[in-house]
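Undergrad:
Residue numbers (mature numbering (1 follows the signal peptide of the UniProt record, and there is no 0)): -29 to -1, 1 to 299.
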């Protein structure tokens, strides 16, 4: 058999194409299951252990991990930009009024430190945000979401100026909320399910007194409104005081469908809670979730997966921060 020799120039060009393909492939990598199986095999186990330990010490951390995922991913990308503090030319997204009441950021460092001890410079803060939310949901007796992909990288900057436009406000209309979620690939059914995160945590009085004063919002159940006025006894609460009402007074630390039962009975805290229960675009999903906790958990799991995969940085984009609070 004759051996065909390729000209050197062709071989050099072919090698260059391979290099360019490699660069392109790395720069446009995708999230995948068990991304750290070789580089840090115990990564997900370590995060789970830390989430459980922190939950038993400070139960509200589990709610914080869920809220972190939402606030991080709806602002441009799931890239841990939320965690950056104001330093080195970065303005923290935590300064925004939309971040009011968020807390427990210091415990993210606890999780990150445990990972750095095991696998230095390997696990991104963005993946910590996603996986801690997944594991926090389990601690809140919500669904176990197995299909959370990893491989995110961390942003080198924050988007403080975009937070006001991208994180829904407590007074936003349903149409605005649906439009915002649709823009990042989350459909109406999944949006209704995501709002089920209101089944845990609390709403500060500064965000709900407009429904109580000077007159009670007629869409609120009258008896429930009187209860809320006891929780929020003044129309001008001091934002530095911790005055609040639980989102769900029945099962306040459980991710379940009680939220939907409450809002169908006009016992939601926010305007959006009342709107999704009555608007024809969303009301059928609300009724179905109120009737079937399994269906709610199924759709909530799907919604969390969609949210966690919003425009991630992968491959050679961004960086792996050594400290989640600061760029390298």
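Virtual Cβ for every residue (Gly too), placed ideally from N, Cα, C.
So, with DSSP's three-state summary, where would you put residue -6?
TA: The residue you call residue -6 lines up with position 24 of the chain shown. Note that residue -6 scores 38 on pLDDT, short of 50, meaning its location in the model is unreliable and no value can be drawn from it.
Undergrad: From the DSSP output, which residues share a beta bridge with residue 125?
TA: By 1-based counting over the chain shown, the position of residue 125 is 154. For residue 125, which the question treats as bridged, DSSP gives the partners 290.
Undergrad: If I'm right that residue 289 touches residue 50 with Cβ under 8 angstroms, what's the distance once you round it to whole angstroms?
TA: Here the question's residue 289 lines up with position 318 in the chain shown. Here the question's residue 50 lines up with position 79 in the chain shown. With a Cβ gap of about 6 angstroms, residue 289 and residue 50 count as contacting.
Undergrad: With DSSP run on the structure shown, which of helix, strand or coil describes residue 235?
TA: For the purposes of this step, residue 235 is taken as the residue at position 264 of the chain shown. Here residue 235 sits in helix by DSSP.
Undergrad: In chain order, what residues of the same chain have a beta carbon less than 6 angstroms from the beta carbon of residue 188, not counting five sequence neighbours either side?
TA: Along the chain shown, read from residue 1 onward, the residue named residue 188 stands at position 217. Same-chain partners within the cutoff: 182.
Undergrad: In chain order, what residues of the same chain lie with their CB nearer than 7 angstroms to the CB of residue 85, ignoring the 5 residues before and after it?
TA: To locate residue 85, count along the chain shown from 1; it is residue 114. These residues qualify, in order along the chain: 17, 21.
Undergrad: Where in the stretch 18 to 97 do unbroken runs of the alpha helix (DSSP H), each at least 4 residues long, occur, reported from the N-terminal end onward?
TA: 32 to 44, 76 to 89
Undergrad: For residue 245, is the classification buried or exposed, using 16 other Cβ atoms within 10 angstroms of its Cβ as the cut-off for buried?
TA: Position 274 of the chain shown holds residue 245. Flag for residue 245 reads buried.
Undergrad: Could you tell me the alpha carbon to alpha carbon distance between residue 107 and residue 262, rounded to whole angstroms?
TA: Mapped onto the chain shown, residue 107 falls at position 136. Mapped onto the chain shown, residue 262 falls at position 291. Each residue's Cα considered, the two are about 24 angstroms apart.
Undergrad: Between 275, 199, 283, 55, which has its C-alpha nearest residue 117's C-alpha?
TA: Along the chain shown, one-based indexing puts residue 117 at 146. Residue 117 has its Cα closest to that of 275, out of 275, 199, 283, 55.
Undergrad: Taking contact to mean 3 or more Cβ pairs, one atom from each stretch, closer than 8 angstroms, check whether the stretch 74 to 84 and the stretch 26 to 42 are in contact.
TA: yes
Undergrad: Tell me the residue span of the alpha helix (DSSP H) that contains residue 268.
TA: By 1-based counting over the chain shown, the position of residue 268 is 297. Its alpha helix (DSSP H) spans residues 264 to 279.
Undergrad: Would residue 284 pass as a contact of residue 123 if the rule is Cβ separation under 8 angstroms?
TA: Translated into positions along the chain shown, residue 284 becomes position 313. Translated into positions along the chain shown, residue 123 becomes position 152. It is a contact, given that the beta carbons lie within the stated cut-off.
Undergrad: Please identify the residue among 5, 139, 145 whose C-alpha is closest to the C-alpha of residue 98.
TA: Within the chain shown, the letter at position 127 stands for residue 98. Closest option to residue 98, Cα to Cα, is 5.
Undergrad: Are the Cβ atoms of residue 179 and residue 131 separated by less than 8 angstroms?
TA: For the purposes of this step, residue 179 is taken as the residue at position 208 of the chain shown. For the purposes of this step, residue 131 is taken as the residue at position 160 of the chain shown. No. Outside cutoff.
Undergrad: With 16 as the cutoff for other CB atoms within 10 Å, does residue 71 come out buried or exposed?
TA: Stepping through the chain shown from its first residue, residue 71 is reached at position 100. Counting C-beta atoms within 10 angstroms of its own C-beta, residue 71 has fewer than 16 neighbours from the protein chains shown and is therefore classed as exposed.
Undergrad: When DSSP labels each residue in this structure, what does residue 105 get in the three-state scheme?
TA: As a position in the chain shown, residue 105 is number 134, starting the count at 1. Residue 105 sits in a helix when the DSSP states are folded into three classes.
Undergrad: What are the complete beta strand (DSSP E) segments, minimum 3 residues, inside the stretch 185 to 231?
TA: 215 to 217
Undergrad: Do residue 177 and residue 45 have their beta-carbon atoms positioned less than 8 angstroms apart in this structure?
TA: As a first step, residue 45 must be located in the chain shown, where it is residue number 74. As a first step, residue 177 must be located in the chain shown, where it is residue number 206. Cβ atoms of residue 45 and residue 177: not closer than 8 angstroms.
Undergrad: Between the stretch 220 to 239 and the stretch 250 to 269, can you find at least three pairs of beta-carbon atoms closer than 8 angstroms?
TA: yes
Undergrad: Please determine, among 29, 25, 48, 126, the residue with the shortest C-alpha to C-alpha distance to residue 293.
TA: Position 322 of the chain shown, counted from the first residue, corresponds to residue 293. For residue 293, the nearest C-alpha among the options comes from 126.
Undergrad: In chain order, what residues of the same chain have a beta carbon less than 8 angstroms from the beta carbon of residue 23, not counting five sequence neighbours either side?
TA: Numbered from 1 along the chain shown, position 52 holds the residue referred to as residue 23. Excluding residues within five positions, the ones whose Cβ falls inside 8 angstroms are 106, 110.
Undergrad: Can you tell me where the beta strand (DSSP E) holding residue 174 begins and where it ends?
TA: In the chain shown, counting from the first residue as 1, residue 174 sits at position 203. Segment 173 to 175, the beta strand (DSSP E) holding residue 174.
Undergrad: Please list the terminal residues of the continuous alpha helix (DSSP H) segment that includes residue 247.
TA: Within the chain shown, the letter at position 276 stands for residue 247. Unbroken alpha helix (DSSP H) run through residue 247: 242 to 249.
Undergrad: If you follow the alpha helix (DSSP H) that residue 162 is in, where does it begin and where does it stop?
TA: Sequence index remark: in the chain shown, residue 162 carries index 191 (1-based). Counting along the chain, the alpha helix (DSSP H) containing residue 162 begins and ends at 159 to 165.
Undergrad: Can you name, in chain order, every residue of its own chain whose Cβ lies under 7 angstroms from the Cβ of residue 143, other than the five neighbours on each side?
TA: Indexing the chain shown from 1 puts residue 143 at position 172. Only 243 meet the Cβ criterion.
Undergrad: Could you tell me which of 224, 163, 277, 278 sits nearest to residue 259, measuring between CA atoms?
TA: Counting from one through the chain shown, the residue named residue 259 turns up at place 288. Comparing Cα-Cα distances from residue 259 to each of 224, 163, 277, 278, the minimum goes to 163.
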